[in-house]
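Note that the numbering used here numbers the sequence shown so that position 272 is 335, with each residue one more than the last. Heads up, the beta-carbon is just placed ideally off N, CA and C, and yes, glycines get one too. Remember, it's a predicted structure, so these values are computed and weren't measured experimentally.
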Amino acid sequence: MPISRPEQPVFRFAPSPNGFLHLGHALSAIINHDIAADSGGRFLLRIEDIDRTRCRPEFEAAILDDLAWLELEWEEPVRRQSDHLDLYASALEHLKAMRLVYPSAMTRGEIRAAVAASEAKGSAWPRDPDGTPLYPGRERGFRPDDQAAILASGRPYAWRLDMEEAVKRAGGSLSWQEKGFRGSGEYSQIADPAAWGDVVLSRSDAPSSYHLSVVVDDAVQGVTHIVRGRDLYHATSVHRLLQRLLELPEPVYHHHRLILGPDGRKLSKSNRDTGIAAFRAAGHGPADIRAMVLGEQ
């Protein structure tokens, strides 16, 4: 699904409406908005609402209200992932046709048991950059009739990327251009998608994973510069692989610092005390939020 890159810089902020925005979101939205304005580019807003069990209309309304209060302006219409499920299905079908995905049905309990059994024998189980054990890949080599049996069984299942084969099919080395804050330096980062193992691209109860939907959305929207938190730095390896396999344009990346809570962890939408709404209620203005979050990048 080849897509050409636009000449004008395009930036985006893409929150999920599964909670209220916090200061970390404000940092990302403000950086994207300001760099777009400074470079004569476009600033887009995308609502990533595929997870229908957690995403709620009242959270989306609050997101739009907070961003407007921060005096940010974006192009209309706002893109919502739930309106474009056919695009993600098409991308998945493309990978199925390439025989790069397989249905998997191991439960979390079965995965934990497999990991525990291996480690009980003294073998350390490989983990992804986030520390999660890699999928055992039990069904990776199943024949088509065995795969069909999984799909017909009624058990929950996921479509996983056969990472080893996908890396081979991508051919050559993968990398991305990482840009410093406001253009201060740029370097090439070698991608290592294999570190993530056989990632999930879709589930029987969810039409697309974050990995698949984000690369499709960014390509369709013509996003040229992806500015997001450092917690997604390593995930870029998977995104570059999918971009290569789906023949999508390669954006430039900047992964900004995270705003951490008192416990040293990144902020969560469940932390109401760091929510933008809490600061608004306490009498702070947009300029105060900017002063709190921008600092030295």
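Look at the alpha carbon of residue 235 and the alpha carbon of residue 127, and state the distance between them as a whole number of angstroms. 42 Å
Decide if the stretch 203-221 is in contact with the stretch 237-244; the criterion is three or more beta carbon pairs, one per stretch, under 8 Å apart. no
Is the stretch 156-167 close to the stretch 302-311, with three or more CB pairs under 8 Å? yes
If contact is defined by three or more beta carbon pairs under 8 Å, each pair taking one atom from either stretch, is the stretch 184-194 in contact with the stretch 310-317? no
Cβ neighbour criterion (16 or more within 10 Å) applied to residue 111: buried
Please report the straight-line C-alpha distance between residue 154 and residue 309, rounded to a whole angstrom. 7 Å
Leaving out the 5 sequence neighbours to the left and right, which residues in its chain are closer than 7 Å to residue 80 when beta-carbon positions are compared? 110, 112, 118, 119, 122, 123, 126
Write down the C-beta distance between residue 164 and residue 255 rounded to the nearest angstrom, noting that I regard them as a contact closer than 8 Å. Their Cβ separation, rounded to whole angstroms, is 20 Å, which puts residue 164 and residue 255 out of contact at 8 Å.
Taking the C-alpha atoms as reference points, what is the distance between residue 272 and residue 196? 18 Å
Buried or exposed by the 16-neighbour rule on C-beta atoms within 10 Å, applied to residue 84: buried
Would you kindly report the start and end of the unbroken beta strand (DSSP E) that includes residue 139? That residue, residue 139, is in no beta strand (DSSP E); it is neither H nor E in DSSP.
Could I get the ranges of all uninterrupted alpha helix (DSSP H) runs contained in the stretch 276-359, with 4 residues as the minimum, in chain order? 299-308, 339-344, 349-356
Close beta carbons around residue 146, own chain, < 6 Å, minus the five adjacent residues each side: none
Is it right to say residue 82 is buried, meaning 16 or more other beta carbons lie within 10 angstroms of its own, or is it exposed? buried
Tell me whether the beta-carbon of residue 142 lies closer than 8 Å to the beta-carbon of residue 284. yes
Length of the line joining the Cα atoms of residue 300 and residue 200: 20 Å
Locate the alpha helix (DSSP H) running through residue 207, then write down its first and last residues. 207-215
Are the stretch 163-178 and the stretch 129-139 in contact at 8 Å, needing three or more beta carbon pairs? no
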